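The next block holds one structure in the form of structure tokens; read it before the comments.
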Amino acid sequence: MSRLVRPYGDTLDDGKVQLSFTLPVTWSEAADEAARRLVASMGFTGVQVAEGRGIADGFSFFVVYAATPAAVDVDAIPPSAVRAHAMTMEEIDAFVDERIGRKIRLAGACIGTDAHTVGIDAILNMKGYKGDYGLERYRSFETFNLGSQVAPEAFVRFVKEHDVDAVLASQVVTQKGSDVRNFTELSELMEAEGVRDRVVLICGGPRVTNLLAAELGYDAGFGRGTLPSEVAAFVAVSLAQRLARRPHPSPA
Amino acid sequence: MEVSIDRAAVDRCREAAARIVAPVEAFIGRHSTVSVERAVLRLLGVDGVGADDVPVPNLVVDALPAERRAGGVARAFGAALAETGLAPAQLGAELAAGRCRLDDFAATPEAAARGAVAPYVDAALARVRSRRSERDAWLQRRPQLPPPLLYVIVASGNIYEDRTAAVAAAQAGAQIVAVIRSTGQSLLDFVPFGPTTEGFGGTYATQANFTIMREALDEASERLGRYVMLTNYASGLCMPEIAAMGALERLDMLLNDSMYGILFRDINMKRTFVDQHFSRMLNAYSGIVINTGEDNYLTTADAVEQAPAVLASQFINEQFAHRAGMLDAQIGLGDAYEIDPDREDGFLFQVAQAQLARQIFPNAPLKYMPPTKHMTGDVFKGHLIDALFNLTSVMTGQTIHLCGMLTEAIHTPYLADRVLSLDNARYVMNTARHFGEEISVKPGGRIERRARDVLAGCEALLERVASIGLMAAIDDAAFADVKRSPDGGRGFDGVFERAPEYYNPFEEALRPAAAGVG
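Protein chains in written order, with our numbering: chain A, 1 to 252; chain B, 1 to 518.
This is the structure we're talking about:
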């Protein structure tokens, strides 16, 4: 099966998109034309420069509408595995009791230089997000919120020292791809320090997708609008599977 | 507009804040820090870096044995000035290169040491005064537009790109430009040196970067016919040094909070209290306006619940600032527009809080921070939320207005983001310029009730803190649900008790200015 779709303006398959950008040129009618040609050179048709104006010496800003002939096959995109285990907090607590038999130790942090803890706080803080309680409220989780600007080395050290089962790394704000660099550094360090295999490693943030997460060596990635219970369910199920595969430790 | 508030409750809050701050001030008076001592050296003219790019002020202070450090670096340094006849910059270089040691001059009489320092103290204070009169002259000759003063940030990491962005923003209507620091600089126990072109989420605060930005904005101010102000951060582990550099380079504002570093950066509380005091003495003298950081209470927890903590922190910041000699007109107390946009009547709550601060601190240049916590990738909705923030600011007479970015939570602002944001603010503030003067608040209505509740919550919090003491209260998570112990956190090893003979010539010179205020 394949299902080709194009952007929808007001008619099926019209391919309409809006763009806005700045060019480092002083505004003139020629600048509008430059913007139009630039967008046309991207393969768009019917390019309309709706707004073009100077915003500072040597800089012009444009709002452009155009149509794209490109289409995308939405059925070719693999479904996200991470939200496959919808469970409530009570169900997750019961699942962990039965399948793991102890609390899951989970550590979260905003890594690298990012100081925006809004994402990690939404998942971990007791209050939660959109009426979905945060992981601190779960009976079956022991959570450590390390806050912001946690260096990957410090994070890995914490994971080793505290026998952490699941790691949440968050990156909200990016500057020239810093989020991807930081995520990569963390997963590589986990590997190098020999803890990668024993933790469920998750990244999150507004630009994170599950595909990106897989590319960077994470077990899952959670993007915009993620609810705490979605993360909790993924961690619980993944950890249960992992423990089931592992040989049982001999009784003490 | 005016909201009816219980003036007696306001008086009780101020009195409680005074009781909270007084014992801390006594502690401050008995201590100094490595950053205070480095600021003294910087003001005397010591600058540059030695081996491994370690700043000379750090090398000099770190080389002092603890018992001599307790007497103040100025004393030891003054002795060396007297004995060598060198100027401070040269002496600093000699010490950094290891060609002499302050310990070589331990026997010099105190009077000689003080005498040798005195002309450099006078020169430093004269330079700070002249930078201050330059600002006054600029503001006379090229007056700013009326408040709310539109404030934007630049944060490319490269000071030269920042300069381009700052000039473009000024042309688009910005009246204040802040160069966001590289993330993590607040935790460095030194100030980097020279112009910098790499940073993370911001650009390092260095004296050279200050100069570059000040020159560019002076040029823009001349061209635009209005003075454009420059802002940086006297926060973190180097508050006093940044305050000294800001005074020397004619910065106009500095972010400076009496508790922010403790709560949100895990900097030791004793370090922060001592550092904020000396940095504010310098700010007072240099005519710099501080911006306090109450927005952080709202971004890290629920904004509706944290409103009393914001007001309580404003009272405490006011007290600390007064005791360092700052005038009300220099105290830019913070607040932020952070209530969940899905909350019914959230706008009314924002107006209540902003108006409450306006009436309680009538002469303070209030700093209003934009929505960040509930901004998403939906730039269209974000732009709309920013518009209501802009409306709240103009109708409640806020002074310093940090323009919200429609791309907040996506990336550090693009050049056009700032322009769109400034357009938004200029439109709303122009079309609703006198709205606040034309309306009255319904007695007993939602806004008034909210203002009353926030004030009552604030009084209860201040009373609780006053009863156990500020340090114990922070240890007990009284603010922002964050618990910090008095001897924990970063930078504690840089705090030391003053010896009876402690000497800080700038503190002595500035103290009379501080007396009689607050």
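Idealized CB from N, CA, C, for every residue including glycine. Given the structure is predicted, the values throughout are model-derived calculations rather than measurements.
Pull up the distance between the alpha-carbon of residue i and that of residue j, whole angstroms please.
i	j	result
valine 195 (chain A)	leucine 168 (chain A)	14 Å
valine 47 (chain A)	valine 64 (chain A)	7 Å
alanine 336 (chain B)	leucine 402 (chain B)	9 Å
phenylalanine 200 (chain B)	serine 4 (chain B)	46 Å
valine 237 (chain A)	glutamate 191 (chain A)	22 Å
arginine 68 (chain B)	glutamine 90 (chain B)	21 Å
glutamine 306 (chain B)	alanine 96 (chain B)	48 Å
arginine 271 (chain B)	arginine 265 (chain B)	12 Å
asparagine 291 (chain B)	alanine 165 (chain B)	22 Å
alanine 124 (chain B)	leucine 44 (chain B)	6 Å
glycine 134 (chain A)	histidine 116 (chain A)	17 Å
alanine 63 (chain B)	serine 186 (chain B)	23 Å
threonine 11 (chain A)	threonine 45 (chain A)	16 Å
phenylalanine 479 (chain B)	glycine 332 (chain B)	20 Å
isoleucine 28 (chain B)	proline 308 (chain B)	27 Å
isoleucine 267 (chain B)	aspartate 13 (chain A)	57 Å
lysine 176 (chain A)	valine 208 (chain A)	15 Å
valine 274 (chain B)	leucine 237 (chain B)	11 Å
alanine 514 (chain B)	leucine 145 (chain B)	Low confidence applies here, because alanine 514 (chain B) scores a pLDDT of 46, under 50, leaving its location unreliable; read the following figure in that light. For alanine 514 (chain B) and leucine 145 (chain B), the distance between alpha carbons rounds to 30 Å.
leucine 384 (chain B)	valine 118 (chain A)	20 Å
proline 251 (chain A)	alanine 94 (chain A)	With a pLDDT of 47 at proline 251 (chain A), under the threshold of 50, the predicted position of this residue should be treated as unreliable, and no value is reported.
phenylalanine 315 (chain B)	glycine 261 (chain B)	17 Å
Hey, quick one: how far does the beta strand (DSSP E) through residue i stretch, first residue to last?
i	result
isoleucine 368 (chain B)	The amino acid occupying residue 368 (chain B) in the given sequence is tyrosine; isoleucine does not appear at that position. Tyrosine 368 (chain B) -> beta strand (DSSP E) spans 367-369.
serine 32 (chain B)	31-33
arginine 105 (chain A)	104-110
asparagine 182 (chain A)	That residue, asparagine 182 (chain A), is in no beta strand (DSSP E); its alpha helix (DSSP H) goes 178-192.
glutamate 51 (chain A)	45-56
alanine 387 (chain B)	Careful: alanine 387 (chain B) lies outside any beta strand (DSSP E), inside the alpha helix (DSSP H) at 379-395.
phenylalanine 496 (chain B)	495-497
glycine 204 (chain A)	200-204
Need the endpoints of the alpha helix (DSSP H) that residue i sits in, please.
i	result
lysine 442 (chain B)	From DSSP, lysine 442 (chain B) is part of no alpha helix (DSSP H); its letter is neither H nor E.
isoleucine 316 (chain B)	303-323
leucine 239 (chain A)	228-245
leucine 248 (chain B)	239-248
asparagine 283 (chain B)	269-286
methionine 471 (chain B)	470-475
valine 117 (chain B)	110-141
glycine 78 (chain B)	73-84
Can you give me the Cβ contacts of residue i inside the same chain, cut-off strictly under 8 Å, excluding the 5 residues immediately before and after it?
i	result
aspartate 164 (chain A)	In the sequence on display, residue 164 (chain A) carries valine and not aspartate. Only Arg105, Leu106, Ala107, Phe144, Phe158 and Val199 meet the Cβ criterion.
glutamate 437 (chain B)	Met1
threonine 376 (chain B)	Gly382 and Ala409
isoleucine 202 (chain A)	Ala166, Val167, Leu168, Ala169, Ala213, Tyr218, Asp219, Ala220, Gly221, Phe222, Val231, Phe234 and Val235
Report the three-state DSSP secondary structure of residue i (helix, strand or coil).
i	result
alanine 216 (chain B)	helix
glutamate 338 (chain B)	coil
leucine 43 (chain B)	helix
histidine 145 (chain A)	The sequence shown places asparagine at residue 145 (chain A), rather than the histidine named in the question. It is a strand residue.
serine 421 (chain B)	helix
asparagine 210 (chain A)	helix
isoleucine 180 (chain B)	coil
asparagine 291 (chain B)	strand
tyrosine 138 (chain A)	coil
glycine 221 (chain A)	strand
isoleucine 100 (chain A)	coil
By Cβ distance, which residues of its chain are closer than 7 Å to residue i, with the 5 residues on each side in sequence left out?
i	result
isoleucine 212 (chain B)	Ile159, Arg163 and Pro195
alanine 50 (chain A)	Val63, Val64 and Tyr65
alanine 256 (chain A)	This structure leaves residue 256 (chain A) out entirely; chain A is present only between 1 and 252.
valine 167 (chain B)	Ala216 and Ala220
arginine 15 (chain A)	In the sequence on display, residue 15 (chain A) carries glycine and not arginine. Closer than 7 Å at the Cβ level, and outside the excluded window around glycine 15 (chain A), lie Arg6, Pro7, Ala67, Thr68 and Pro69.
tyrosine 204 (chain B)	Arg181, Ser182, Gln185, Pro192 and Thr196
leucine 189 (chain A)	Pro152, Glu153 and Val156
valine 46 (chain B)	Val56, Pro57, Val60, Pro88, Ala89 and Gly92
Going by beta carbon distance, what residues of the same chain come within less than 6 Å of residue i, once the five residues before and after it are set aside?
i	result
valine 49 (chain B)	Pro55 and Phe193
alanine 234 (chain B)	Ile242, Ala243, Leu254, Asn256 and Ser279
serine 20 (chain A)	Val63
proline 147 (chain B)	Thr399
Which partner residues does residue i have in the DSSP bridge list?
i	result
arginine 37 (chain A)	DSSP lists no partner for arginine 37 (chain A).
histidine 401 (chain B)	B:Leu150 and B:Tyr368
phenylalanine 27 (chain B)	Answer is none; phenylalanine 27 (chain B) lacks a bridge partner.
glutamine 18 (chain A)	A:Tyr65
threonine 231 (chain B)	B:Ala178 and B:Met253
valine 167 (chain A)	A:Ala107 and A:Leu201
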